[in-house]
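Going down the list, the protein sequences come from chains H and Z.
Going left to right, the first sequence walks through residues 25 to 251 as our numbering numbers them.
Going left to right, the second sequence walks through residues 25 to 251 as our numbering numbers them.
Heads up, the beta-carbon is just placed ideally off N, CA and C, and yes, glycines get one too.
Data first, discussion second: the structure below is written as structure tokens.
2 protein chains.
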Amino acid sequence: MSNDLHNYPTPSVTVDCVVFGYDGTTLSVLLIQRKEAPFESMWTIPGGFLWMEETFETTANRILATKAGLQGIFLEQLYTFGAIERDPRKRVLSVAYFALVNPSNYQVVAGDAAHEAKWFPLSELPALGFDHQEVIQVAQQRLKAKVIYQPIGFELLDEQFTLTELQHLYETILEQSIDKRNFRKKILETGVLKNTGLKRTGVKNRAPELYEFNKEAYQGKVNFSLF
Amino acid sequence: MSNDLHNYPTPSVTVDCVVFGYDGTTLSVLLIQRKEAPFESMWTIPGGFLWMEETFETTANRILATKAGLQGIFLEQLYTFGAIERDPRKRVLSVAYFALVNPSNYQVVAGDAAHEAKWFPLSELPALGFDHQEVIQVAQQRLKAKVIYQPIGFELLDEQFTLTELQHLYETILEQSIDKRNFRKKILETGVLKNTGLKRTGVKNRAPELYEFNKEAYQGKVNFSLF
DNA sequence: GCAAAAGTGTTGTGTATACACCCATGT
DNA sequence: ACATGGGTGTATACACAACACTTTTGC
């Protein structure tokens with residue numbers, strides 16, 4: 025860090041969030057349709073300017089609350105994007121975060137600055153403003169890499185879930201199919217799942233057992249790793 | 025990203041670099057002794073303000089060239105630190121990078137803004153200004169994690185090196201000892217090493233064979249992984 | 001009783017680990 | 001000849017991958 029603090033011009037700084045959601049079938053990203061230039065009426069990930077009295081996390085939470093109606097969700101810093109021309113108006117840095125939410129717990133609503141807030145499957149993204157396509161791509165890579173050595177996937181599911189649902193989530197994130205017996209063996213022997221003893225009823229087949237994520241059992245676990 | 029571009033106050037942004045060096049024995053970090061307040065005469069990692077026409081990488085290279093005499097080295101973005109009070113003067117964000125260099129290829133020299141530029145072994149760091157102790161800690165974790173799935177360690181060595189030297193580097197980074205035969209087996213079967221056919225002479229024991237990193241062989245290799 | 005998904009073990013294959021001696025060189 | 005680090009192979013344990021049938025439930 026430089027010693028002097030002469031008044032160099034300073035860039036604007038935004039916090040932008042890649043919010044992943046999973047509806048039981050598809051992995052989606054939350055996008056917002058812009059009302060104003062630049063990129064008017066195009067889609068972008070939700071973001072906004074950092075205020076001087078805010079940490080990045082505070083900004084991210086404010087943005088997600090006001091622009092999409094999301095509160096208190098899992099957030100992690102992804103990368104900071106700083107290409108000189110990434111905003112056509114002036115120099116704007118973007119500290120990108122990624123987030124995982126269970127869409128059924130929230131009703132996304134567009135804030136003032138947006139026409140609409142909507143979930144888009146990763147495979148059907150519209151044209152995106154700024155460098156947000158790249159941001160999403162980096163986020164997806166990170167999610168893929170991360171899910172195998174940290175039990176973060178649970179953020180995307182209901183509190184109680186079946187092993188088949190969990191497996192399908194992993195298959196969706198990793199974009200590959202997984203052997204059922206091997207998956208169950210591995211995930212159970214990590215010890216992070218708690219069998220609730222309950223079963224999901226009302227399905228038109230054998231009632232599957234419901235599990236929960238056991239946060240305490242994970243704390244301090246060094247060797248969580250699937251595959 | 026927000027639609028409106030009202031003139032919010034903007035934070036200052038610095039790029040700070042954790043530069044690792046390895047002298048054949050010890051893993052060290054390059055530090056600079058400050059001339060001015062705050063943290064006058066304390067040590068910090070080299071850094072400086074981002075200029076409006078610079079990318080982060082450009083800034084990092086400028087800083088390293090002017091403050092420490094280093095040029096064209098391996099750089100990777102680490103994390104962005106934004107705690108509100110991390111600089112006592114005003115709001116300053118730090119986009120941190122980490123770098124790997126072979127100290128014997130460079131003569132570090134203090135620039136104008138520093139009393140001195142000096143290598144400190146990781147185990148003997150002085151009291152550090154700002155939040156730089158945390159930054160170094162994060163960088164060390166990253167280096168540890170990264171070295172096992174990407175062949176970045178070579179940046180720290182001479183162009184030609186012996187397997188024993190390479191092993192010792194890995195042991196130093198990972199802070200654990202490694203079985204010699206297993207290490208050789210694994211690193212050789214990755215295929216990223218090229219035996220030069222030369223031997224290091226003038227040592228007071230059997231002349232060891234010299235290897236080089238084979239960049240072409242690594243390109244496109246998906247499965248580089250040690251341990 | 002049929003359709004549909006849940007649940008369950010074993011075996012082979014490959015990878016990781018542990019381990020000890022001879023070789024080449026300089027002094 | 002001796003001291004120093006260089007260089008090499010095998011046996012065992014463990015982890016991973018492949019694989020098919022029975023059970024439960026709703027209709």
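Interface partners of residue i on chain Z, CB under 7 Å
i: I108 of chain H; result: E77 and T79
Residue i classed as buried or exposed, judged by whether at least 16 other C-beta atoms fall within 10 angstroms
i: H139 of chain H; result: exposed
i: P35 of chain H; result: buried
i: P112 of chain Z; result: exposed
i: N85 of chain Z; result: buried
i: A120 of chain H; result: buried
i: V227 of chain H; result: exposed
i: T220 of chain Z; result: exposed
i: T83 of chain H; result: buried
i: F200 of chain H; result: In the sequence under discussion, the amino acid at residue 200 of chain H is Gln, which differs from the Phe named in the question. Q200 of chain H is exposed by the Cβ-count criterion.
i: Y46 of chain Z; result: buried
i: I108 of chain Z; result: exposed
i: S52 of chain H; result: buried
i: D155 of chain H; result: buried
i: T49 of chain Z; result: exposed
i: L102 of chain Z; result: buried
i: R115 of chain H; result: buried
i: A137 of chain H; result: buried
i: V246 of chain Z; result: exposed
Per-residue contacts from residue i into chain H (C-beta, under 8 Å)
i: Y103 of chain Z; result: Q101
Nonlocal neighbours in the same chain, by C-beta distance under 6 Å from residue i, ignoring five residues either side
i: I211 of chain H; result: none
i: A241 of chain Z; result: G215 and V216
i: N27 of chain H; result: Because the pLDDT of N27 of chain H is 46, which lies under 50, any placement of that residue in the model is unreliable, and the number read from its coordinates should be weighed accordingly. Taken in chain order, the list of residues that qualify is empty.
i: P33 of chain Z; result: none
i: F63 of chain H; result: G153
i: W75 of chain Z; result: none
i: E67 of chain Z; result: Checking the displayed sequence, the identity of residue 67 of chain Z turns out to be Trp instead of Glu. Cβ neighbours of W67 of chain Z beyond the five flanking positions: L55, Q57, P150 and L152.
i: S147 of chain Z; result: none
i: G135 of chain Z; result: T90 and K91
In DSSP terms, what residue i is bridged to
i: V31 of chain Z; result: Correcting the residue identity first, residue 31 of chain Z is Asn in this sequence and not Val. DSSP output for N31 of chain Z lists no bridge partner at all.
i: S52 of chain Z; result: Z:G45 and Z:P145
i: D40 of chain Z; result: Z:G71 and Z:A120
i: T104 of chain Z; result: Z:V119
i: F154 of chain H; result: DSSP lists no partner for F154 of chain H.
i: F185 of chain Z; result: Z:Y235
i: A163 of chain H; result: DSSP output for A163 of chain H lists no bridge partner at all.
i: F248 of chain H; result: Answer by DSSP bridge pairing: none, since F248 of chain H is not bridged.
i: N219 of chain Z; result: Z:Y235
i: Q200 of chain H; result: Per DSSP, none; premise fails for Q200 of chain H.
i: Q57 of chain H; result: H:W67 and H:E140
i: L99 of chain H; result: H:A123
Proximal chain H residues relative to residue i, where beta-carbon distance stays under 7 Å
i: T34 of chain Z; result: T34, P35, S36 and V37
Beta-carbon proximity list for residue i, same chain, < 8 Å, skipping 5 on both sides
i: V132 of chain H; result: L54, A92, G93, L94, A141, K142 and W143
i: Y194 of chain Z; result: V171, G177, I202, F207 and L250
i: L117 of chain Z; result: P35, S36, V37, T38, T104, F105 and G106
i: E179 of chain Z; result: I97, F98, L124, V125 and N126
i: S65 of chain Z; result: Q57, R58, K59 and H139
i: T186 of chain H; result: R224, P232, E233, L234 and Y235
Within chain Z, partners of residue i - CB distance below 8 Å
i: R115 of chain H; result: M76
Proximal residues of chain H, C-beta to C-beta of residue i below 9 Å
i: V263 of chain Z; result: Here chain Z has residues from 25 to 251 only, and residue 263 of chain Z is not among them.
Beta-carbon contacts of residue i that lie in its chain and below 7 Å, excluding the five residues immediately before and after
i: Q191 of chain H; result: I202, K204 and F207
i: E100 of chain Z; result: Y121 and F122
i: I87 of chain Z; result: V39, C41, P70, G71 and G72
i: T188 of chain H; result: P232
i: Q174 of chain Z; result: F248
i: V162 of chain Z; result: L102 and Y103
Closer than 8 Å: residue i CB and nearest the ligand GTP heavy atom
i: T34 of chain Z; result: You won't find the ligand GTP in this model; it holds no ligand whatsoever.
Check each residue of the stretch 36-52 of chain Z: if its Cβ is closer than 8 Å to any Cβ of chain H, include it; give the result in chain order. S36, V37, T38 and D40
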